[in-house]
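S.K.: Sharing a structure with you now.
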Amino acid sequence: MPEWDAELMLRVREGDEASFSLLLERHRNPVIHFLYRMVQNQAVAEELAQEVFLRVYRSRETYEPTAKFTTWLFRIATHLALNWIRDHRNERQQTSLDGEVLEGAARQVADRVPSIEQRLVRNARLAEIRTAIETLPAKQRAAVLMHKYEELDYTQIAQVLECSESAVKSLLFRAYETLRLRLARFAG
Amino acid sequence: MHIGNSVANGLPGGDFHKCPLQLDGETGIFLKWMEGSLSPEESALLERHAGLCPACRSIMQEHQAVWSALDVWEPGEVSPDFNRNLYAAIDRERRLPWWKRALAWVSPLPVRPAVPLATSCLLLLAVLLFQSPVSPDFKTKQAGIYERVDVEQVDRSLDDLNLLRELHEELKLESAAAENL
Numbered sequence: 011m012p013e014w015d016a017e018l019m020l021r022v023r024e025g026d027e028a029s030f031s032l033l034l035e036r037h038r039n040p041v042i043h044f045l046y047r048m049v050q051n052q053a054v055a056e057e058l059a060q061e062v063f064l065r066v067y068r069s070r071e072t073y074e075p076t077a078k079f080t081t082w083l084f085r086i087a088t089h090l091a092l093n094w095i096r097d098h099r100n101e102r103q104q105t106s107l108d109g110e111v112l113e114g115a116a117r118q119v120a121d122r123v124p125s126i127e128q129r130l131v132r133n134a135r136l137a138e139i140r141t142a143i144e145t146l147p148a149k150q151r152a153a154v155l156m157h158k159y160e161e162l163d164y165t166q167i168a169q170v171l172e173c174s175e176s177a178v179k180s181l182l183f184r185a186y187e188t189l190r191l192r193l194a195r196f197a198g
Numbered sequence: 193m194h195i196g197n198s199v200a201n202g203l204p205g206g207d208f209h210k211c212p213l214q215l216d217g218e219t220g221i222f223l224k225w226m227e228g229s230l231s232p233e234e235s236a237l238l239e240r241h242a243g244l245c246p247a248c249r250s251i252m253q254e255h256q257a258v259w260s261a262l263d264v265w266e267p268g269e270v271s272p273d274f275n276r277n278l279y280a281a282i283d284r285e286r287r288l289p290w291w292k293r294a295l296a297w298v299s300p301l302p303v304r305p306a307v308p309l310a311t312s313c314l315l316l317l318a319v320l321l322f323q324s325p326v327s328p329d330f331k332t333k334q335a336g337i338y339e340r341v342d343v344e345q346v347d348r349s350l351d352d353l354n355l356l357r358e359l360h361e362e363l364k365l366e367s368a369a370a371e372n373l
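The structure is reproduced here in structure tokens:
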């Protein structure tokens, strides 16, 4: 309900704090999840998400519903994530994934109680997926994550990344081709 | 639609290098198929083609495997303190004086380490340019003075030379007289 989001934001502009709470509840998880997959660190993702919503709150007085609220929100989030990745590029290269082993996988695994072997295979696969995503160029990564998990359409992704729709298609095509080549053995 | 044309043009299948989907650079179709944005007819056509073309079948299987693999990656739980921390940050910001709130708009901008250095260099250059005695006005004035002085200076130099020559002659005469004595 994009119009509803814009309506809520206009109410926030009028000083209605409850509308801000509603917006936060609706968009908090998608934003944090997107940021988590971008930076692959839960604490950093939450820190960046705090900044995203703080910026939304700061912008309430000047907000104009010129684009979809979600697009605007993800533009802020992507901007912050890309800056963070740029500033921490060297640190990330030195950090291994071992430190924060597959938080999400552990949660899923607990539901179905798989064997140790299944769990190991699953964790190994997940580590490969995370690495494959992490090694994509930052813009391709953002495009894939918005396309796959947030279900943003090409127009929205183009507005978030401030490029043309054809550029988005090209980014996605290259990214999925890279992922296909890296993760091809999963098809076996 | 590309897929319609490609498939209608005949897809013998079997040879990767002869598959029209590969040759025409239409592999973007696989992305559309994967995300489910092809019409049911187009999807059926592509899947029928994949039944005949091992290369396309293999690509489609790999894309599907990647798509499903990505589904496995669930993010972690959001911290229960998230909202509380956010509202605390908003509250802190509300209590700030207006000028600090204005600064908060500026401070999150990406300030790279080179920027302060470059700014300092520019400032230094500006100060040197404005305070230097060799300002353009000064240069013009100096040029005017030199032009005016030029002729007088040559005259004076010639006079000085004459004086020196006369002095030299006098010294010669004096030394000759001294020798004679």
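Line order of the protein sequences matches chains A and B.
All letters in the first sequence, in the order written, are residues 11 to 198 by the numbering used here.
All letters in the second sequence, in the order written, are residues 193 to 373 by the numbering used here.
Where is the CB? At the ideal position from N, CA and C, for every residue including glycine.
None of the values given here were measured: they were computed from a predicted structure.
1. Strictly under 8 Å for the Cβ-Cβ distance: is Lys179 (chain A) near chain B by that measure?
2. Kindly say whether Glu254 (chain B), judged by its beta-carbon, lies nearer than 8 Å to any beta-carbon of chain A.
3. Mind checking whether Leu34 (chain A) and Asn277 (chain B) have CB atoms under 8 Å apart?
4. State the DSSP-derived secondary structure class of Cys313 (chain B), mapped to helix, strand or coil.
5. Need the endpoints of the alpha helix (DSSP H) that Arg195 (chain A) sits in, please.
6. Cβ closer than 7 Å: which chain B residues qualify as neighbours of Ala194 (chain A)?
7. Which same chain residues, not among the five before or five after Gln256 (chain B), have their C-beta less than 8 Å away from its C-beta?
8. Asp149 (chain B) to Trp291 (chain B), Cα distance in whole Å?
9. Buried or exposed, going by whether 16 or more other CB atoms sit within 10 Å of the CB of Pro272 (chain B)?
10. Can the beta-carbon of Ile42 (chain A) be found closer than 8 Å to that of Glu57 (chain A)?
11. Assign Gly25 (chain A) to buried or exposed, taking buried as 16 or more other Cβ atoms, counted over all protein chains shown, within 10 Å of its Cβ.
12. Applying the 10 Å Cβ sphere with the 16-neighbour rule, what's the burial state of Asp347 (chain B)?
13. Determine whether the Cβ of Leu189 (chain A) lies closer than 8 Å to any Cβ atom of chain B.
14. Name, please, each residue of chain B whose Cβ falls closer than 8 Å to the Cβ of Thr47 (chain A).
15. On the criterion of 16 or more Cβ atoms from any shown chain inside 10 Å, does Asn354 (chain B) qualify as buried, or is it exposed?
16. Taking only the alpha-carbon atoms, compute the straight-line gap between Glu254 (chain B) and Arg96 (chain A) and give it to the nearest angstrom.
17. Output needed in chain order: residues of the segment 31 to 44 of chain A with a Cβ under 9 Å from some Cβ in chain B.
18. Does at least one heavy atom of the ligand ATP sit under 7 Å from the Cβ of Tyr164 (chain A)?
19. Report the residue from A:Met156, A:Pro147, A:Glu144 and A:Ala16 whose alpha carbon sits nearest the alpha carbon of Phe79 (chain A).
20. Taking one C-beta from the segment 140 to 158 of chain A and one from the segment 169 to 187 of chain A each time, how about it: are there three or more such pairs within less than 8 Å?
21. Judging by CA-CA distance, which residue of B:Ala242, B:Ser231 and B:Val258 is the nearest neighbour of Glu138 (chain A)?
22. Identify whether Trp14 (chain A) lies in helix, strand or coil by the three-state DSSP scheme.
23. Going straight from the alpha carbon of Gln118 (chain A) to that of Trp82 (chain A), what length do you get?
24. Using DSSP with H/G/I as helix, E/B as strand and the rest coil, what is Ser367 (chain B)?
25. Once DSSP output is grouped into helix, strand and coil, what is the label at Leu288 (chain B)?
26. Where does Gln60 (chain A) sit, in a helix, a strand or coil, going by DSSP?
M.R.: Based on what the coordinates show:
1. It does: the Cβ of Lys179 (chain A) has a partner Cβ on chain B nearer than 8 Å.
2. Yes, Glu254 (chain B) counts as interfacial toward chain A.
3. Taking the C-beta atoms as reference points, Asn277 (chain B) is found no nearer than 8 Å to Leu34 (chain A).
4. In the three-state reduction of the DSSP assignment, Cys313 (chain B) falls in the helix class, which pools H, G and I.
5. Membership of Arg195 (chain A) in any alpha helix (DSSP H) is not indicated, and neither H nor E is assigned to it by DSSP.
6. By Cβ distance, chain B contributes Glu254.
7. Met226.
8. Chain B is shown from 193 up to 373; residue 149 (chain B) falls before or after that span and cannot be answered.
9. Pro272 (chain B) should be labelled exposed.
10. Against a cut-off of 8 Å, the Cβ pair of Glu57 (chain A) and Ile42 (chain A) comes out as no contact.
11. Exposed.
12. With fewer than 16 Cβ atoms within 10 Å of its Cβ, Asp347 (chain B) is classed as exposed.
13. Yes, because at least one Cβ of chain B sits closer than 8 Å to the Cβ of Leu189 (chain A).
14. The displayed chain sequence assigns Arg, not Thr, to residue 47 (chain A). At a beta-carbon threshold of 8 Å, the residues of chain B lying near Arg47 (chain A) are Trp265 and Pro267, ordered along the chain.
15. Burial check for Asn354 (chain B): the Cβ neighbour count within 10 Å stays below 16, so the residue is exposed.
16. Distance between the alpha carbons of Glu254 (chain B) and Arg96 (chain A) is about 31 Å.
17. From the segment 31 to 44 of chain A, only Ser31, Leu34, Glu35, Arg38, Asn39, Ile42, His43 and Phe44 have a Cβ closer than 9 Å to chain B.
18. Looking for the ligand ATP in the displayed structure turns up nothing, as the structure carries no ligands at all.
19. Distances from the CA of Phe79 (chain A) to each of A:Met156, A:Pro147, A:Glu144 and A:Ala16 were compared; the closest alpha carbon is that of A:Ala16.
20. Yes, the segment 140 to 158 of chain A touches the segment 169 to 187 of chain A.
21. Comparing Cα-Cα distances from Glu138 (chain A) to each of B:Ala242, B:Ser231 and B:Val258, the minimum goes to B:Val258.
22. Three-state DSSP puts Trp14 (chain A) in a helix.
23. Caution is warranted here: a pLDDT of 47 is assigned to Gln118 (chain A), below 50, making its placement in the model unreliable, and no coordinate value can be reported.
24. The answer is helix: DSSP assigns Ser367 (chain B) an H, G or I state.
25. Shown here, Leu288 (chain B) sits in coil according to DSSP, grouped into three states, outside any helix or strand.
26. If DSSP states are grouped into helix, strand and coil, Gln60 (chain A) belongs with the helices.
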